[in-house]
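**Q** Before we start, here is the structure in question, set down as structure tokens.
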């Protein structure tokens, strides 16, 4: 496929997260012809459940869990920060390409990841050990703003689940240069990948041009963006930017599970 034929050819897209997540999303967008600008609008801070986290990681190292789960690449950073050890006998279930890359880069093993799609629901469907009737001891680590779909699914199946909020999500001010590029229209699209990012986009960029595409990924993100009054002109199939917006959303969804979008 030529560069001209790619669906995002020539589009300059702001990617609002850094790290492994930002690298993987940027790579996927560039493969579709886009130019990407990584400008983190959110970052991660210590959890308010630090004591609970430290205790859970101690239990993890001692072999107190049959399984642990992660749906965010940031969990790998948290584990490394605490010098956490995952013993060989503890199995690890993860969701999302970014999560897998971060775990492998950190030297942690992965036992199970969904094959059908990057989805928490797919993991619950494809994870045979959780439906045998045996009660498993499972540690689930997630963000303070993540919806506990995986945790709830395990609890509903009768497993012994220890859930810990491993990190908090906080806003990061964009640089003056980024704000100027958005207000002038030099950035053609601002990716909104979570409700928390929607809040930052709405507060930091109140004068987004009408020609700028604001693709929102995930139902919760769409609802939050609408409540915040973010632009939605390209939502209708008749709109000339509709196909480009859909291509942006589908590209992100192809590599990132929604549970890793801080919702």
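In the numbering used here, the protein residues as written are 1350 to 1612.
Note that beta-carbon positions come from the ideal geometry of N, C-alpha and C, so glycine has one too.
1. Around the C-beta of residue 1432, are 16 or more other C-beta atoms found within 10 angstroms, so that it is buried, or is it exposed?
2. To which residues of the same chain is residue 1394 closer than 6 Å at the C-beta, ignoring the five residues directly before and after it?
3. Based on the DSSP output, what are the partners of residue 1395 in its beta bridges?
4. Out of 1605, 1538, 1364, 1422, which has the shortest C-alpha to C-alpha gap to residue 1563?
5. Given a cut-off of 8 Å, decide if residue 1470 and residue 1487 are closer than it, judged by their beta-carbon atoms.
6. For a test of the three-state rule: what should DSSP assign to residue 1530, helix, strand or coil?
7. Would you mind stating whether residue 1565 and residue 1576 have Cβ atoms separated by less than 8 Å?
8. Three or more C-beta pairs under 8 Å: does that hold for the stretch 1447-1460 against the stretch 1422-1430?
9. Hey, could you find the ends of the beta strand (DSSP E) residue 1443 is sitting in?
10. Check whether the Cβ atoms of residue 1357 and residue 1386 lie closer than 8 Å to each other.
11. Are at least three pairs of beta-carbons, each pair with one atom in the stretch 1363-1372 and one in the stretch 1474-1486, less than 8 Å apart?
**A** Put simply:
1. exposed
2. 1517, 1519
3. Its beta-bridge partners are 1516.
4. Comparing Cα positions, the closest option is 1538.
5. no
6. helix
7. no
8. yes
9. 1440-1443
10. no
11. no
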